[in-house]
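Position in the sequence shown (first residue = 1) + 41 = the working numbering.
C-beta atoms are modelled at their ideal positions from N, C-alpha and C, and glycine is treated no differently.
Values in this document were obtained by computation on a predicted structure and should not be read as measured data.
Quick notes on the structure that follows.
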Amino acid sequence: MKALTQIRDVFDKDILMTVLACILVIVTSVAIYKILIAIINKGESMRDAKLGAGKKSKTYIRLAKNLIRLLFITVTSLIILQLFGMNVSSVLAGLGIFGIVAGLALQDFIKDMVRGSIILSDSYFSVGDTVRYAGAGEVIEGEVLLIGLMTTKIREYATGNIVSIANRRIEEAALVSEKLYITLPFPYNLDVDISERIINEVIAQAKQNRNIIECKNLGISELADFEINHLLEVSCKPSNKNSSRRFVLELFVLEMEKRKIDIPYNKISIVRPK
């Protein structure tokens with residue numbers, strides 16, 4: 042009985058030491074991870090203060106953080122397995138065979154990772170850009186919040202919902218331009234000089250709107266049946282396109298009313314037989 046008690050005490054001490062060693066490894070790993078992330082965040086803040094926050098740099102930094110976290114989790118797990126007496130070398134060797142089987146079973150997972158890498162390398166879009174995604178029978182337009190290894194997260198403008206899209210399906214998303222084109226119709230009997238003055242006044246007032254970055258006249262775009270169309274190019278955030286369009290059109294209507302000029306519209310003439 043005494044011998045069995047001594048063996049149990051030794052066994053209990055070994056388990057206790059192993060558990061303590063595992064806790065020490067986890068605490069050390071978390072501490073190093075936190076320090077690295079803090080250094081990255083500080084470097085990012087200093088860079089933003091000097092050069093401004095770039096969309097592409099934010100995307101790469103977020104991906105780097107995800108990769109670092111994955112690396113620390115993997116290394117820590119292998120160390121813990123080694124402490125519990127498992128042969129890590131044989132585990133890694135076995136992963137080669139397991140990888141072949143898993144590759145067939147996890148094709149979508151691999152596609153997501155590959156597609157996520159392509160999005161970043163090709164700079165198709167970055168965090169902060171606006172994209173339009175057509176999927177599941179509906180069209181979603183919103184701001185890109187995160188590009189991860191597996192999914193891309195988008196905040197929908199219409200509802201504020203956070204939508205997660207698998208990277209393998211992200212090719213169905215289109216990058217929305219910041220350019221907005223607005224047509225202003227003028228009657229044929231109006232002098233071009235007067236039309237230009239009205240357009241210049243609309244542009245001057247439009248630039249005072251904080252949501253409008255730039256506004257310029259592209260000239261005559263069409264000689265339509267009932268009007269001469271002039272085209273304006275407005276630069277604004279995609280989320281402000283609708284409000285910017287309404288604002289510019291309202292300015293145009295007010296300028297036309299102030300000068301007592303009728304906005305042209307389609308007219309139908311009916312001739313009654315005598």
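Name the DSSP beta bridge partners of residue i, please?
i: I187; result: Note that residue 187 corresponds to Leu in the displayed sequence, not to Ile. Paired residues: K194.
i: R173; result: E182, A215
Give me, in chain order, the residues of the same chain whose beta-carbon lies closer than 7 Å to that of residue i; leave out the 5 immediate sequence neighbours on both sides.
i: A146; result: Because A146 carries a pLDDT of 49, less than 50, the predicted location of this residue cannot be relied on, and the following value inherits that uncertainty. Hits under 7 Å: none found.
i: N107; result: G189, L190
i: V289; result: I223, V243, A247, L273, V275
i: E263; result: N270
i: E296; result: I239, E242, V243
Please say whether residue j and residue i have beta carbons closer to each other than 9 Å?
i: I188; j: V204; result: no
i: K308; j: F267; result: yes
i: V66; j: L124; result: yes
i: P305; j: Y229; result: yes
i: C277; j: E237; result: no
i: D170; j: V217; result: yes
i: S284; j: N252; result: yes
i: V185; j: T192; result: no
i: L77; j: I102; result: no
i: A105; j: I81; result: yes
Within the same chain, show all residues whose beta-carbon is closer than 6 Å to that of residue i, passing over the 5 residues directly before and after it, in chain order.
i: K257; result: E274
i: G183; result: I195, R196, E197, Y198
Apart from the five residues on each side of it in sequence, which residues of its chain come closer than 8 Å, Cβ to Cβ, to residue i?
i: P314; result: none
Beta strand (DSSP E) segments (min. 3 residues) lying fully within the region 203 to 276 = 203 to 207, 214 to 216, 220 to 227, 253 to 264
For the region 261 to 273 against the region 214 to 228, are there 3 or more C-beta pairs whose distance is under 8 Å?
-> yes
Below 8 Å, can you find three or more Cβ-Cβ pairs linking the region 109 to 125 to the region 70 to 77?
-> yes
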